[in-house]
């Protein structure tokens, strides 16, 4: 259903194929649909880190790709580069994810290739992934799932599968919503 | 350039209605008629104004989703009361790949005909219509002005169309 019809929900639900930080036993799962070049996602990056540090093992964080490639010329390649690195392990994926958000102003192909290289992924592999393959397929599939889930901009967050329509820049409110969903006293 | 006789509706035209035809400027030099898109589904996106933050997100989102809409053979048309030069600048700035139509003179006439007009603010409301290939309204949605309705409702509505309603009956698509 669309936004005006009540809370949009995550489709498909979080599964083992998602990139996740934190325990599968965590009492609350926070999902972000994000774009590596989106300035709002850049602002959200440290806020998510804050949530993770405040919630500890109570929260699991999942990232899905929603590159707005018409608005952000490097967003699609950045997402593909991150997914390509992710094929080499979850740990490498999250290092790449963080590197991209920490270098949002330098996301051209040569920089993407450099960040990947630093994590042990050859520039040739990144260049090939831009042409197609598993990483690109995954980015597309994330994007489609985002549309079905009612993503209406980036970033869009889901707390335990329900879209968070409140203002995520209100850090105290965001944390309170996560704690409430986790059943943890504030 | 509006060709439809003005009918001031206060509620969205209901599902099952034949969508009233109109002709509006899409650029300073060209006009577009709804009837010229007959044969494919049309998504009419009424929105309050170019440049305002939520609209920006909404049209930017549809711009990204055009290829998904295209899988259903659908054409997206944006409509607001902004003039052609404003639309042209907005379209260029946001790199939009679908037409923005100017419901500018008489102001809001088409929006009023579709029941998608705010009389107090003098702008189109945030209303969506999905028309089938024969120009019949198959789905509508009205959002509060500050809420971006997303694209999922439109895609579900397009998915629900039969191959004939999508204008692809001979293309062997599944229903």
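Residue numbers (my numbering), protein chains in the order written: chain A, 1 to 186; chain W, 1001 to 1175. C-beta atoms are modelled at their ideal positions from N, C-alpha and C, and glycine is treated no differently.
Across the set 8/A, 60/A and 40/A, the C-alpha of 60/A shows the shortest separation from the C-alpha of residue 18/A. About 7 Å separates the beta carbons of residue 32/A and residue 48/A, which is inside the 8 Å limit, making them a contact pair.
Scanning 50/A, 37/A, 118/A and 169/A for the CA closest to the CA of residue 77/A turns up 37/A.
For residue 1113/W, the enclosing alpha helix (DSSP H) covers residues 1109-1113. Assigned with DSSP and collapsed to three states, residue 168/A falls in coil, not helix or strand. The continuous stretches of alpha helix (DSSP H) do not include residue 1037/W, and DSSP gives it neither H nor E. For residue 151/A, the residues of chain W that pass the 7 Å Cβ criterion are 1150, in the order they occur in the chain. Contact between the segment 143-160 of chain A and the segment 1146-1161 of chain W is established, with three or more Cβ pairs separated by less than 8 Å.
Any Cβ of chain W closer than 8 Å to the Cβ of residue 70/A would place that residue at the interface, and such an atom is present. For residue 1022/W, there is no enclosing beta strand (DSSP E), as DSSP marks it with neither H nor E. Between the segment 1036-1053 of chain W and the segment 1123-1136 of chain W there are three or more C-beta pairs closer than 8 Å, enough to call the two in contact. Cβ neighbours of residue 50/A within its own chain (closer than 7 Å, five residues either side excluded): 171. If you check each beta-carbon in the segment 1057-1075 of chain W against every beta-carbon of chain A, the ones closer than 7 Å belong to 1057, 1060, 1061, 1063, 1064, 1065 and 1068. Proximity of chain A to residue 1094/W at the Cβ level (cut-off 9 Å) is accounted for by 70 and 71, in chain order. Residue 1162/W sits exposed, since fewer than 16 C-beta atoms from the chains shown fall within 10 Å of its C-beta.
Nearest neighbour of residue 90/A by Cα position, chosen from 130/A, 147/A and 62/A, turns out to be 62/A. Under the three-pair Cβ rule at 8 Å, the segment 175-183 of chain A does not count as touching the segment 1075-1093 of chain W.
Around residue 92/A, the same chain offers 85 and 119 as residues with beta carbons nearer than 6 Å, after the five sequence neighbours per side are excluded.
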